[in-house]
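Asks: Residue numbers (the working numbering): 24 to 181.
Every residue, glycine too, gets a C-beta built ideally from N, C-alpha and C.
Nothing here was measured: the structure is a model prediction, and the numbers come from that model.
There's a structure below that I have some questions on.
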């Protein structure tokens, strides 16, 4: 049996303190929690939601639509609603969100991968829109349409 004697502090601070400080600087709600405890599904959803909001990828919901077992009394209902509507999450067996349950690595991998795909899609659409706007200043309507389709078709065909 090997026992590692690690000192996980630097100058009196824990090894994670610099990262925790960065999260607080970004004004992400997860930075207000004890950094040594496990993360719940709801907290991870809230973190992803806040990052997507900051990037302008999603908008905050203006009305409660209610999905599965998440009500307006839950502090992360907006995060759940936005992620659910964007098909980033599906809930547990399609019947419950289990917002207060711990998140496992498989769930985390799915959420991160799906969000990454969403961000890439939005960036591609924004790039195509920017290209289209530049083209539109210089070409006729029919030429613009052809250029737009040339940019969009490969993305639509995926």
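From which residue to which residue does the alpha helix (DSSP H) around residue 42 run?
Replies: Per DSSP, residue 42 belongs to the alpha helix (DSSP H) from 40–48.
Asks: Using 8 Å as the cut-off, can you tell me whether the region 119–126 makes contact with the region 140–147, which would need three or more C-beta pairs spanning the two stretches below that distance?
Replies: With the cut-off at 8 Å, the region 119–126 and the region 140–147 do not touch.
Asks: Thinking C-alpha only, which one of 60, 68, 48 and 76 is nearest residue 113?
Replies: Selected option, being the one with the closest Cα: 68.
Asks: Can you say whether residue 77 is buried or exposed, counting buried as having 16 or more other CB atoms within 10 angstroms of its CB?
Replies: With fewer than 16 Cβ atoms within 10 Å of its Cβ, residue 77 is classed as exposed.
Asks: Looking only at its own chain, which residues have a Cβ that is under 7 Å from the Cβ of residue 31, when we skip the five neighbours before and after it?
Replies: Residue placement at residue 31 cannot be trusted, given a pLDDT of 49 that sits under 50; the coordinates are not used to answer.
Asks: With 16 other CB atoms within 10 Å as the buried threshold, where does residue 135 fall?
Replies: When all chains shown are included, residue 135 counts as exposed.
Asks: Can you give, in chain order, each stretch of the alpha helix (DSSP H) that sits fully within the region 72–148 and has at least 4 residues?
Replies: With a minimum length of 4 residues, the continuous alpha helix (DSSP H) runs that stay inside the region 72–148 are 100–108.
Asks: Which residue's Cα is closest to the Cα of residue 75: 137, 55 and 125?
Replies: Ranking 137, 55 and 125 by Cα distance to residue 75 puts 137 first.
Asks: Taking the straight line between their C-alpha atoms, what separation do you get for residue 162 and residue 79?
Replies: Residue confidence is low: residue 162 scores 43 on pLDDT, short of 50, so the model does not pin down where it sits. Its coordinate-derived value is still stated next. Taking the straight line joining both Cα atoms gives about 30 Å.
Asks: Hey, how far is the Cα of residue 53 from the Cα of residue 92?
Replies: Distance between the alpha carbons of residue 53 and residue 92 is about 22 Å.
Asks: Taking C-beta to C-beta, are residue 124 and residue 64 nearer than 8 Å?
Replies: Taking 8 Å as the Cβ cut-off, residue 124 and residue 64 qualify as a contacting pair.
Asks: May I ask you to list the residues that DSSP assigns as paired with residue 22?
Replies: In the structure displayed, the chain extends from 24 to 181; residue 22 sits before or after that span and is not available.
Asks: By the three-class DSSP mapping on this structure, what secondary structure does residue 51 have?
Replies: Note: residue 51 maps to coil in three-state DSSP.
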